[in-house]
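Undergrad: Got a structure for you, questions after.
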Amino acid sequence: LDLRRMYTPLLHGYKESALYATLQRRAFEERADVFRSFAEDPAYDKLLQKLWSMLKLAKLSPESTPSVEERLFQLQAVAKQIAIERAFGINIFSNSEGLIFEQADEFAIQRVARELYHTRFCGGADA
Numbered sequence: 073l074d075l076r077r078m079y080t081p082l083l084h085g086y087k088e089s090a091l092y093a094t095l096q097r098r099a100f101e102e103r104a105d106v107f108r109s110f111a112e113d114p115a116y117d118k119l120l121q122k123l124w125s126m127l128k129l130a131k132l133s134p135e136s137t138p139s140v141e142e143r144l145f146q147l148q149a150v151a152k153q154i155a156i157e158r159a160f161g162i163n164i165f166s167n168s169e170g171l172i173f174e175q176a177d178e179f180a181i182q183r184v185a186r187e188l189y190h191t192r193f194c195g196g197a198d199a
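Position one of the sequence shown corresponds to residue 73 (our numbering), numbered consecutively onward.
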């Protein structure tokens, strides 16, 4: 086991696999309609704007990433951050803007995050 490498085949070999990349790309193509429907829903654009104001996460910036669909792909990381903040007993996404993270926000994030996770690790129509 060579720990000098960023990823080892033992645990993360799929990250350097051309086959995995092909299968993942195919899965996202097969499920494109699911992510497009989220992107076309004005509630998700509003949620992404709110998250950008709360977190200032660069990948949520409408200026640097104008596509709503591309910004939606960051919600899996946002869902992980929610779990981390909850585990440490931190008020989720407390911010200087005075914005409040609501249960409906979390539900919407988890909905997209589950679809992303499923598609990334289970595939599209093949799963």
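The beta carbon of each residue, even a glycine, is placed where N, CA and C say it ideally should be.
A quick note: this is a predicted structure, and the numbers were derived from the prediction, not measured.
Taking three-plus beta-carbon pairs below 8 Å as touching, is the stretch 168 to 184 in contact with the stretch 98 to 117?
TA: Output reads yes: the stretch 98 to 117 touches the stretch 168 to 184.
Undergrad: State the CB to CB distance for the pair Met-126 and Glu-169, rounded to an integer number of angstroms; the pair is presumed to be in contact (CB under 8 Å).
TA: Rounded, the Cβ-Cβ distance is 6 Å, consistent with contact.
Undergrad: If you measure between the beta carbons of Leu-129 and Ala-180, is that distance less than 8 Å?
TA: In this structure, Ala-180 does not lie closer than 8 Å to Leu-129 by Cβ.
Undergrad: Taking the alpha-carbon of Arg-158 as reference, which of Glu-141, Leu-144, Glu-142 and Glu-178 has the nearest alpha-carbon?
TA: Here the closest residue by C-alpha is Glu-178.
Undergrad: For Thr-94, count the other beta carbons within 10 Å of its own beta carbon; 16 or more makes it buried, fewer makes it exposed. Which is it?
TA: Result: exposed.
Undergrad: From which residue to which residue does the alpha helix (DSSP H) around Gln-146 run?
TA: Taken as a continuous stretch (DSSP letters only), Gln-146 belongs to no alpha helix (DSSP H), as it is neither H nor E.
Undergrad: With DSSP collapsed to three states, give me the class of Arg-183.
TA: Helix, per DSSP.
Undergrad: Select from Ser-89, Phe-160 and Asn-167 the residue whose C-alpha is nearest the C-alpha of Lys-122.
TA: Of Ser-89, Phe-160 and Asn-167, the residue nearest in Cα terms is Asn-167.
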